[in-house]
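Counted from 1, the sequence shown has number 83 at position 83 by this note's numbering; the numbering is strictly sequential.
Contents: one structure, followed by commentary.
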Amino acid sequence: MFSMLAILIYAAAIAVPAWLLYRLGSGGWYWHVLAVLAALALGLIPLPPALDQPLLELAVGFVFVFLMVWGLGGLFAMRTHHARHA
1 MFSMLAILIY AAAIAVPAWL LYRLGSGGWY WHVLAVLAAL ALGLIPLPPA
51 LDQPLLELAV GFVFVFLMVW GLGGLFAMRT HHARHA
C-alpha cells in the first residue's frame, strides 16, 4: 500500500503544478527561478537521522518535485514579449 501511496503523491506533485500553470499561466520569471533554487536547496540538504522517516521523506520529495515542476514548467512556458503582443 505504501508504494501505491508514493506513486499517487508523486503523480500529484507533477499534475498539480502543471494544472496550475495551465490554469493561471506563468507569472514573473523570477518566481520560477526562485522555486527551482528552493527545490535544489531542499533536495541537497540531508535529513537529520532523527527525522529519517518514510512519510517525512515522501513529504520532502513531494515539495521538491512540486517546486521543480512548477519552476521549470513556468520558465519553459513563458512567451517572449513580442509573442504576447503579436
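Just so it is clear, CB atoms sit at the ideal spot from N, CA and C, and this is done for glycine as well.
N- and C-terminal bounds of the alpha helix (DSSP H) containing Gly74: 54-77
Tyr10 to Phe66 span [Cα, whole Å]: Distance between the alpha carbons of Tyr10 and Phe66 is about 9 Å.
Backbone CA spacing between Leu58 and Ile45 [nearest angstrom]: Taking the straight line from one Cα to the other gives about 15 Å.
Cβ-Cβ distance between Phe64 and Gly43 below 8 Å: yes
Sequence-distant residues of the same chain with beta carbon closer than 7 Å to Met68, five excluded per side: Take Met68, set aside five residues on each side of it, and the residues of its chain with a beta-carbon closer than 7 Å to its own are Val36, Ala39, in chain order.
Leu24 (DSSP reduced to helix, strand or coil): helix
Alpha helix (DSSP H) segment containing Ala41, residue limits: 29-44
Beta-carbon separation (whole angstroms), Leu21 vs Gly73, contact threshold 8 Å: Indeed, because the Cβ distance is near 5 Å, the residues count as touching under 8 Å.
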